[in-house]
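Chains as they are written, first to last, in this note's numbering: chain A, 300 to 413; chain B, 451 to 562.
Every residue gets a Cβ at the ideal spot worked out from N, C-alpha and C, and that includes glycine.
Since this is a predicted model, take the numbers as computed values, not measurements.
Quick notes on the structure that follows.
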């Protein structure tokens with residue numbers, strides 16, 4: 300089945316620790332995205348990538364880093380510089396161009412700080 | 451800049467009631483419009499979409515029409531079920547692969 304997978308489902312971070320969230324898609328989509336969701340709020344864009352080895356900052360990129368070494372994969376690292384990382388993180392992917400812009404989402408990773 | 455505004459929730463309805471969730475947008479161009487649904491603890495699922503003015507998106511009994519003159523994309527369903535209880539997000543994007551701009555979400559609770 301085609302889709303987007305995220306792992307782990309839950310992740311715990313200690314103070315000063317970097318953690319990496321995985322996102323993989325087998326939809327052959329060119330573009331991938333990371334969003335952050337806080338309770339009772341909409342989603343905010345952290346980073347996105349439209350092509351391998353290139354990515355752009357979203358609205359709240361500070362304290363996060365990404366890589367796009369393969370078309371199928373777009374891991375997100377939450378660094379120790381992110382002072383309030385507790386949130387639900389959602390990965391999405393889409394095609395590019397007219398009629399292909401629909402973004403499809405993974406099941407999410409919930410990050411908690413110990 | 452572009453933005454999306456949804457009616458505040460929570461919205462509480464009885465089973466088989468009529469549902470309307472209002473969504474209005476401001477846009478500098480001609481975006482595509484979407485409704486997503488999120489069940490507790492899960493990711494977002496695409497519910498329906500419309501890509502140009504006067505298009506009607508529909509799925510699972512839900513409908514929304516892209517109204518350029520009123521900059522609206524209201525979600526409607528004629529008869530809700532308990533299983534429709536979820537958070538609904540209105541969103542817009544353009545076809546160049548940029549971000550989705552979301553409303554704040556509207557929580558729907560349907561009682562038997």
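Neighbours of residue 492 of chain B in chain A, taken as residues whose beta carbon is under 8 Å from its own, are 406, 407 in chain order. Bounds of the beta strand (DSSP E) holding residue 456 of chain B are 453-456. Any Cβ of chain B closer than 8 Å to the Cβ of residue 304 of chain A would place that residue at the interface, and such an atom is absent.
About 7 Å separates the beta carbons of residue 557 of chain B and residue 461 of chain B, which is inside the 8 Å limit, making them a contact pair. Secondary structure within the stretch 372-398 of chain A: the beta strand (DSSP E) runs of 3 or more consecutive residues, fully enclosed, are 375-377, 386-393 (chain order). Shortest Cα-Cα distance from residue 330 of chain A to any of A/396, A/410, A/317, A/376 involves A/396. Residue pairing by DSSP places residue 353 of chain A opposite A/350 in a beta bridge.
Straight across, the Cα-Cα distance linking residue 508 of chain B with residue 500 of chain B is about 9 Å. At a Cβ-Cβ threshold of 8 Å, residue 321 of chain A and residue 340 of chain A do not count as neighbours. An exposed status is given to residue 311 of chain A, since fewer than 16 other beta-carbon atoms sit within 10 Å of its beta-carbon.
For residue 555 of chain B, the chain A residues whose C-beta falls within less than 7 Å of its own C-beta are 341, listed in chain order.
For residue 402 of chain A, there is no enclosing beta strand (DSSP E), since its DSSP letter is neither H nor E. CA-CA distance, residue 473 of chain B to residue 350 of chain A, rounds to 32 Å.
Interface annotation, residue 344 of chain A: in contact with chain B, CB-CB separation under 8 Å. Per DSSP, residue 494 of chain B is one residue of the beta strand (DSSP E) stretching across 494-500.
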